[in-house]
Amino acid sequence: MTMNKLLFAGLALSMLVACNNSSKNSNEAADSTVTVEGEATAVGGGKIVFEESKYDFGTVKEGAVVDHTFKFKNEGTEPVILGQVSTSCGCTTPSYTTDPVLPGKEGEINVSFNSAGHPGVQQKLITISSNAETPVMTVELRGTVEK
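Heads up, the sequence shown is in my numbering, so the first residue is 316 and it goes up one at a time.
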């Protein structure tokens, strides 16, 4: 009976070590790709350069909607595909270029901030995931909302 326990313990230890090594390999692969609408795209030669990475909308009355467009240029050698654009608050809605942005061409990220129920100093971060050489970037919308 002791032999069976040792065999079982050895088998369990072998499986644990094998599973531990396979998860390291899948993490390494995940670091080098960005998933774009269900297909993996290698991170590479595209380079996003924003005209501005921060926009201050000043002071607005509560309830006002602030719209701003962050424009960028692909200064790399490969097309850039925006995979996901997310915001730090549900009060901020993004829309963005969905077609590949070819080298030398421009794309846009439009942001709409609804200030209703959000008085005070505001700082909204917009996170952009892409296949560019810097795969995750942020831009910022900020300002003050008065009651």
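A virtual CB, placed ideally from N, CA and C, is assigned to each residue, including glycine.
(request) Please classify residue 391: is it buried, with 16 or more other beta-carbons within 10 angstroms of its beta-carbon, or exposed? (result) As a position in the sequence shown, residue 391 is number 76, starting the count at 1. The residue is buried, with at least 16 neighbouring Cβ atoms inside 10 Å.
(message) Quick check on the DSSP output: the beta strand (DSSP E) that includes residue 416 runs from which residue to which?
(response) Counting from one through the sequence shown, the residue named residue 416 turns up at place 101. Looking at the DSSP string, residue 416 is not in any beta strand (DSSP E), and its letter there is neither H nor E.
(request) Could you tell me if residue 450 is buried or exposed, where buried requires 16 or more neighbouring beta carbons within 10 angstroms of its beta carbon? (result) Within the sequence shown, the letter at position 135 stands for residue 450. Buried, because 16 or more other Cβ atoms sit within 10 Å of the Cβ of residue 450.
(request) Check whether the Cβ atoms of residue 410 and residue 429 sit closer than 8 Å, and answer yes or no. (result) Taking the first residue of the sequence shown as position 1, residue 410 is located at position 95. Taking the first residue of the sequence shown as position 1, residue 429 is located at position 114. In this structure, residue 429 does not lie closer than 8 Å to residue 410 by Cβ.
(request) Return the residue from the list 378, 404 and 422 that minimises the CA-CA distance to residue 365. (result) Taking the sequence shown and counting its residues from 1, the one referred to as residue 365 is at position 50. Nearest option by C-alpha distance: 422.
(message) Looking at the strands, I want to know which residues DSSP matches up with residue 444.
(response) The residue you call residue 444 lines up with position 129 of the sequence shown. Bridge partners of residue 444: 399 and 451.
(message) Assuming contact is defined by CB atoms lying nearer than 8 Å, are residue 376 and residue 404 in contact in what I supplied?
(response) Position 61 of the sequence shown, counting from 1, holds the residue named residue 376. Position 89 of the sequence shown, counting from 1, holds the residue named residue 404. Taking 8 Å as the Cβ cut-off, residue 376 and residue 404 do not qualify as a contacting pair.
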